[in-house]
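Protein chains: 2
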Amino acid sequence: MSKRGESKSLSADVYSRIREEIYNGTLAPGSRLQPSVLGERYNASTTVIREALALLAGERLVQSRTGQGFFIPMINKDELVDLTTVLCHVEGLALRMSMERGGLEWESSLIAAHHRLARTPRRTEKNPDRYSQDWSNAHKEFHATLLGACDVPLLLDMCQQLMLATELYRVWVSPLVTHNKRDYAGEHAALLEAVLAGEADRAVSLLNEHARTTANMIIENWPEDTEAMIADGIAKYGVE
Amino acid sequence: MSKRGESKSLSADVYSRIREEIYNGTLAPGSRLQPSVLGERYNASTTVIREALALLAGERLVQSRTGQGFFIPMINKDELVDLTTVLCHVEGLALRMSMERGGLEWESSLIAAHHRLARTPRRTEKNPDRYSQDWSNAHKEFHATLLGACDVPLLLDMCQQLMLATELYRVWVSPLVTHNKRDYAGEHAALLEAVLAGEADRAVSLLNEHARTTANMIIENWPEDTEAMIADGIAKYGVE
DNA sequence: GGGGTCAATTACTTCGAGAATATTTATTCT
DNA sequence: AGAATAAATATTCTCGAAGTAATTGACCCC
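If you're matching them up, the sequences are chains P and Y in order. Each residue of the first sequence is one higher than the one before, starting from 1 at the first, in our numbering. Each residue of the second sequence is one higher than the one before, starting from 1001 at the first, in our numbering.
Rendered as structure tokens:
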């Protein structure tokens, strides 16, 4: 096990693997990220792990307390609300700029991405309680394409970072949200339509509603005791 | 020389020193950040430098190309325009939230910060071509106080990161901007007045104008040849 | 029995050298 | 002579251990 990936540098490789495991749900909020144990898991030296963790700390995906090592940040309800507010604004700006700057080429690839998303099943028979990996990827790509034409790397990074943070909440608070009555297909179709029609205001409000619905869904499922929830999640995922 | 600072860890110390030198103008855009060279300057091992650089890379303050080490990002005019647009939006959101959430305590400290700023001279006789360190700090604190009551660390980080990036441009493109006709005092007073009056729209537009004026000032002074400008800057600062 | 101090242990941080990789220079071939 | 290849050089990336700070547990005192 733990075969080495085909990345350019070991450090970058470890970086993306840790990042992956963070919003896989493998690494629980509040848990310690010890270079020694991670190093054993990834067959890498502690120095390499530290560098990867430092990188993640810069992105605020992990927290670093001097002299006490690295941790996954704790989650709380109020922060999710604020996070969503910021996400809506930043995402809105990105979408407006994207619509202004994106040409025919962009519209085409957006339609393509939407089609791919629409034709990818959200659940599989094998694992009906989670979103399928394919759908998750297609969803991510649709959103990335949507905002991508704004052509401001910094802004796109912010969006991605914020979405990632939200995703983290979803994974830990309501991992079994696939059984909801939400009309994803409809939401995406309406969004696409508004974008192609060039109606920025409508598109932005649809996108914002999309984000807020996700947040509300999480908040509704919020348990009284966060720690218990996390313990529960750990039991489900089977991590130490 | 190169006495060790009084920070908690060597790594954190080096981190802030590099960060400092980046927007001091000591480290030029495009220049290489070699762990060996920096390690000698700060009396630290390459590992420590790498960790500090990784942290900065996560914040996008330095660029990391695999196998080629770390660099200070290159600057260009279009990016500054986009940067300013994003800054205005994010800053606007932060100000609105700050005004909603900030109470009497906040208003008081804002008035205090403004007063400190107003009474601090922008130039000194010793170095009349640059903003004085005191004024620069007071200015920074006024803005930080202004947005601080929003109480969303992530949002504040974004603002700071964006302002820092803009500041970087100012340092390299027009380091001698103190000889302008800009009415800083008036701008700040008007802003304070709008905030205290509770007029969010007016306050935001004043703040945005503040940022845009800075950006425009830089763009007007933009030289034809960026590389020559940087070389010029290096000559002025006397770095290798 | 509760609280505080001290030692033992654990784990975080730093180091400098060795292996891997990119860049530069020199050489050879067309 | 110019381009492509190959050796040489410089630099980055990785490692495992040594140093240093923080935590845990035991012990003693109140």
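Note that beta-carbon positions come from the ideal geometry of N, C-alpha and C, so glycine has one too.
Report the start-end ranges of each alpha helix (DSSP H) in the region 1071-1146 of chain Y that is 4 residues or longer and not cut off at the edges. If we require 4 residues or more, the alpha helix (DSSP H) runs fully inside the region 1071-1146 of chain Y come out as 1077-1101 and 1104-1118.
Taking the alpha-carbon of Asn1127(Y) as reference, which of Pro1175(Y), Ile1022(Y) and His1089(Y) has the nearest alpha-carbon? The residue labelled residue 1127(Y) in the question sits at position 127 within the second sequence. With distances taken between Cα atoms, Asn1127(Y) lies closest to Pro1175(Y).
Helix, strand or coil at Asp1013(Y) [DSSP, three-state]: Taking the second sequence and counting its residues from 1, one reaches residue 1013(Y) at position 13. Helix, per DSSP.
Selection of the region 1043-1075 of chain Y by Cβ proximity to chain P, strictly under 9 angstroms: So the list reads Thr1047, Arg1050, Glu1051, Ala1052, Leu1053, Ala1054, Leu1055, Leu1056, Ala1057, Gly1058, Glu1059, Arg1060, Leu1061, Ser1064, Thr1066 and Gly1067, given in the order they occur along the chain.
Please classify Gly92(P) as buried or exposed, where buried requires at least 16 neighbouring CB atoms within 10 angstroms. Along the first sequence, read from residue 1 onward, the residue named residue 92(P) stands at position 92. By the neighbour-count criterion, in which 16 or more other beta carbons inside 10 Å mark a residue as buried, Gly92(P) falls on the buried side.
Given a limit of 9 angstroms on CB to CB distance, which residues of the region 1188-1213 of chain Y reach chain P? Those residues of the region 1188-1213 of chain Y that come within reach of chain P (Cβ to Cβ, closer than 9 angstroms) do not exist; the list is empty.
Give me the Cβ distance between Val48(P) and Ser16(P), rounded to the nearest whole Å; I'm assuming they're in contact under 8 angstroms. Along the first sequence, one-based indexing puts residue 48(P) at 48. Along the first sequence, one-based indexing puts residue 16(P) at 16. Not quite, the Cβ-Cβ distance comes to about 13 angstroms (not below 8 angstroms), so this is no contact.
Three-pair Cβ contact test at 8 angstroms for the region 1165-1174 of chain Y versus the region 1217-1235 of chain Y: Yes, they touch.
Counting Cβ pairs, one atom from each stretch, are 3 or more of them under 8 angstroms apart for the region 189-206 of chain P and the region 79-95 of chain P? Yes, the region 189-206 of chain P is in contact with the region 79-95 of chain P.
Whole angstroms are fine: how far does the CA of Arg1041(Y) sit from the CA of Asp1013(Y)? Within the second sequence, numbered from 1, the residue matching residue 1013(Y) stands at position 13. Within the second sequence, numbered from 1, the residue matching residue 1041(Y) stands at position 41. Cα-Cα distance, rounded: 13 angstroms.
Alpha carbon to alpha carbon, how far is Phe70(P) from Arg32(P)? Give it in angstroms, no decimals. As a first step, residue 32(P) is located in the first sequence; it is residue number 32 there, counting from the start. As a first step, residue 70(P) is located in the first sequence; it is residue number 70 there, counting from the start. Near 6 angstroms, if we compare the C-alpha coordinates of Phe70(P) and Arg32(P).
Are there 16 or more other CB atoms within 10 angstroms of the CB of Ala1281(Y), so buried, or fewer, so exposed? Look at the range of chain Y in this structure, 1001 to 1240, and you will see that residue 1281(Y) is not part of it.
Just to confirm before moving on: does the CB-CB distance between Ala1144(Y) and Met1099(Y) stay below 9 angstroms? For the purposes of this step, residue 1144(Y) is taken as the residue at position 144 of the second sequence. For the purposes of this step, residue 1099(Y) is taken as the residue at position 99 of the second sequence. No, the Cβ-Cβ distance between Ala1144(Y) and Met1099(Y) is not below 9 angstroms.
Distance, Cα to Cα, Leu192(P) vs Leu162(P)? Mapped onto the first sequence, residue 192(P) falls at position 192. Mapped onto the first sequence, residue 162(P) falls at position 162. Our two residues, Leu192(P) and Leu162(P), have alpha carbons roughly 22 angstroms apart in a direct line.
In angstroms with no decimal places, state the Cα-to-Cα distance between Ala231(P) and Thr26(P). In the first sequence, residue 231(P) corresponds to position 231, counting from 1. In the first sequence, residue 26(P) corresponds to position 26, counting from 1. Taking the straight line from one Cα to the other gives about 12 angstroms.
Against Asp1082(Y), what residues of chain P qualify as contacts under a CB-to-CB distance less than 7 angstroms, listed in chain order? Translated into the one-based positions of the second sequence, residue 1082(Y) becomes position 82. Within chain P, the residues near Asp1082(Y) are Val152.
Measuring straight from C-alpha to C-alpha, what distance separates Asp225(P) and Ala112(P)? Position 225 of the first sequence, counting from 1, holds the residue named residue 225(P). Position 112 of the first sequence, counting from 1, holds the residue named residue 112(P). Distance between the alpha carbons of Asp225(P) and Ala112(P): 43 angstroms.
I'd like to check one pair, Arg1122(Y) with Phe1142(Y): are the Cβ atoms closer than 9 angstroms? Taking the first residue of the second sequence as 1, we reach residue 1142(Y) at position 142. Taking the first residue of the second sequence as 1, we reach residue 1122(Y) at position 122. No, the pair does not count as a contact, with Cβ atoms beyond the cut-off.
Note down, in chain order, every chain Y residue with its Cβ under 9 angstroms from the Cβ of Ser9(P). To locate residue 9(P), count along the first sequence from 1; it is residue 9. Result: Thr1066 and Gly1067.
Assuming Ala57(P) and Leu1055(Y) are in contact, meaning their beta carbons sit under 8 angstroms apart, how far apart are those beta carbons, in whole angstroms? Position 57 of the first sequence, counted from the first residue, corresponds to residue 57(P). Position 55 of the second sequence, counted from the first residue, corresponds to residue 1055(Y). Indeed, because the Cβ distance is near 6 angstroms, the residues count as touching under 8 angstroms.
Pick from Leu1087(Y), Leu1168(Y) and Leu1146(Y) that is closest to Leu1110(Y), judged by C-alpha positions: Taking the first residue of the second sequence as position 1, residue 1110(Y) is located at position 110. It is Leu1146(Y) whose Cα lies nearest to the Cα of Leu1110(Y).
From which residue to which residue does the alpha helix (DSSP H) around Gln1161(Y) run? Counted from its first residue, the second sequence places residue 1161(Y) at position 161. Taken as a continuous stretch (DSSP letters only), the alpha helix (DSSP H) holding Gln1161(Y) covers Pro1153 to Val1173.
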